[in-house]
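Novice: Throughout the sequence shown, residue numbering follows mature numbering (1 follows the signal peptide of the UniProt record, and there is no 0), covering -19 to -1, 1 to 277 in sequence.
Every residue, glycine too, gets a C-beta built ideally from N, C-alpha and C.
Everything numeric in this text was worked out from a predicted model, so none of it was measured.
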Amino acid sequence: MKYALCLLFFLGTGVFARAQSSCDLILLETKKLFGNFSIIPGSAQKLTDREGYDNQPSFINNDQVAFSSIDENGNSDIIVYSFDTEEFMNMTRTTSKSEFSPRLTDCGQYISAVTVEEDSTQRLWLYPINFGEPELLYDDLSPVAYYAWYDNIAAMSLLGDPNKLVYPYSREQVAELAENVGNCIQTRPKTSEITYIDKGTSVVLNGKETFEIKSYDLEEKVAGNHGVALGQGDDFTWIDKNTLIMAQGQELFIKKINKSMEWEKIAAVSMPGYGAISRIAVSPRNDKLVLVMERK
């Protein structure tokens, strides 16, 4: 889908082809008071509304969210939505490539994206926020599926049998952190940890299969464990250093890992015509959630 190009300044088919179901972005207003995170009742509203694929939201600052959008020809571009102007902008507008999984780089000068190139090579590219020429980041690391940033370096899940989570401390030193990681990689705030769901080994909890959320400390070079994920869920994110959020169906749950390993339900999101929540993005100030919800 191509959105009208508007002048907007920033304020401060590989693996992705598997799930190109019709989905929209839904905004929730939130608040955090005395360490307690909550959803403002009745605040749910659509950011996108079409028969198509708008997915993988990621806040690039508190007033703008980037996401991947597939048009009627099957091409994916990176779109940026401004909450101030309520306008959309094409960050990329390519016909021979497709871009997925946008994130702001640590330096704040680029939006990174997994790019499916003309020959189907799948690598990480950088797209300058001043609309300069895009740059290939790691020419020898592919096919990239998902990634997260730490210290201006991307920890990447590389597709394979099994897939591997790697971190290139340098071109010569590419450390293998884990195998069989899930479809979500997140940096734990205010730490040097990269976190992921370990799909290599399942656990049974209350008679149901689930998986564990694990971590790797890139400074200390030690592995960690943050307890079980929520059911069969693939996506999670951090609200702060100690608070995780996940979805199950249309319900949202949080877990405060410094207090309990139990998931606590905080909201149910009922939108006519929509099913399960598949992805979650939280704003830097914790006052917005953007959800991906599947159309029925």
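Just to confirm, is the Cβ distance from L107 to S123 under 8 angstroms?
Specialist: Their beta carbons are not under 8 angstroms apart, which means L107 does not touch S123 by this criterion.
Novice: Is it buried or exposed, E114, if we count other Cβ atoms within 10 angstroms and call 16 or more buried?
Specialist: exposed
Novice: Once you ignore the five residues that flank N144 on each side, which residues in its own chain have a CB closer than 8 angstroms to its CB?
Specialist: A126, S138, E160, N161 and V162
Novice: Three or more beta-carbon pairs under 8 angstroms between the stretch 203 to 216 and the stretch 238 to 245, yes or no?
Specialist: yes
Novice: Taking I226 and N267 to be in contact with their CB atoms under 8 angstroms, please state how far apart those CB atoms are, rounded to whole angstroms.
Specialist: Their Cβ separation, rounded to whole angstroms, is 10 angstroms, which puts I226 and N267 out of contact at 8 angstroms.
Novice: So, S79 versus E275, is the Cβ gap smaller than 8 angstroms?
Specialist: no
Novice: What does the alpha-carbon distance come out to for the pair F18 and R31?
Specialist: If you take the alpha carbons of F18 and R31, they lie about 30 angstroms apart.
Novice: Checking the sheet assignment: what are the DSSP bridge partners for S57?
Specialist: Under DSSP, the beta-bridge partners assigned to S57 are I51.
Novice: Check this for me: beta carbons of D44 and D5, under 8 angstroms apart or not?
Specialist: Contact flag unset, no.
Novice: Using CA coordinates, which residue listed in A25, L270 and E10 is at the minimum distance from P253?
Specialist: A25
Novice: Starting from the Cα of I134, find the closest Cα among K189, K27 and R152 and give me that residue.
Specialist: Distances from the CA of I134 to each of K189, K27 and R152 were compared; the closest alpha carbon is that of R152.
Novice: From T75 to D58, what does the alpha carbon distance come to, in whole angstroms?
Specialist: 7 angstroms
Novice: Quick one: using the 10 Å Cβ neighbour count with 16 as the cut-off for buried, is Q103 buried or exposed?
Specialist: Classification for Q103: buried.
Novice: Identify, in the order they occur along the chain, each residue of the same chain with its Cβ nearer than 8 angstroms to the Cβ of K246, setting aside the five sequence neighbours on each side.
Specialist: E232, L233 and F234
Novice: At the level of alpha carbons, what is the spacing between K195 and K13?
Specialist: Roughly 25 angstroms separates the two Cα atoms.
Novice: Which residues in the same chain as Y119 place their Cβ atom closer than 7 angstroms to its Cβ, once the five residues preceding and following it in sequence are excluded?
Specialist: Correct list, in chain order: R104, L105 and P149.
Novice: So what's P265 in DSSP terms, helix, strand or just coil?
Specialist: coil
Novice: Spatial neighbours of W244 within its chain, please: CB distance less than 6 angstroms, with the 5 preceding and 5 following residues excluded, ordered by chain position.
Specialist: L211, F234 and K236
Novice: Shortest alpha-carbon distance to V203 belongs to which of S173, F217, P38 and V185?
Specialist: Taking only the C-alpha atoms, the option nearest V203 is S173.
Novice: Helix, strand or coil for N71, going by three-state DSSP, please let me know.
Specialist: strand
Novice: Considering only C-alpha positions, which residue in the set K189, S77, S39 and E68 is nearest to N56?
Specialist: S77
Novice: Under a three-way DSSP split, which group does Q90 fall into?
Specialist: coil
Novice: Where DSSP assigns a beta bridge to N36, which residues make up the other side?
Specialist: S49
Novice: Who are the Cβ neighbours of I261 in its own chain at under 7 angstroms, not counting the five residues just before and after it?
Specialist: D216, T218, I226, A228, L270 and L272
Novice: Report the three-state DSSP secondary structure of G(-6) (helix, strand or coil).
Specialist: Note that G(-6) has pLDDT 43, beneath the 50 cutoff, so the model's placement of it is unreliable and no number is given.
Novice: What residues are listed by DSSP as bridge partners for R84?
Specialist: Per DSSP, S93.
Novice: Tell me the DSSP secondary structure of M252 in three-state form.
Specialist: The three-state reading of DSSP puts M252 in coil, since its state is none of H, G, I, E or B.
Novice: On a CA-only basis, which of R84, V97 and V185 is nearest A136? Give me that one, please.
Specialist: R84
Novice: Would you mind sorting N164 into buried or exposed? The rule is 16 or more other CB atoms within 10 Å of its CB.
Specialist: buried
Novice: Give me, in chain order, the residues of the same chain whose beta-carbon lies closer than 7 angstroms to that of W130; leave out the 5 immediate sequence neighbours on both sides.
Specialist: R84, T86, D87 and T168
Novice: Could you tell me if A249 is buried or exposed, where buried requires 16 or more neighbouring beta carbons within 10 angstroms of its beta carbon?
Specialist: So A249 counts as exposed.
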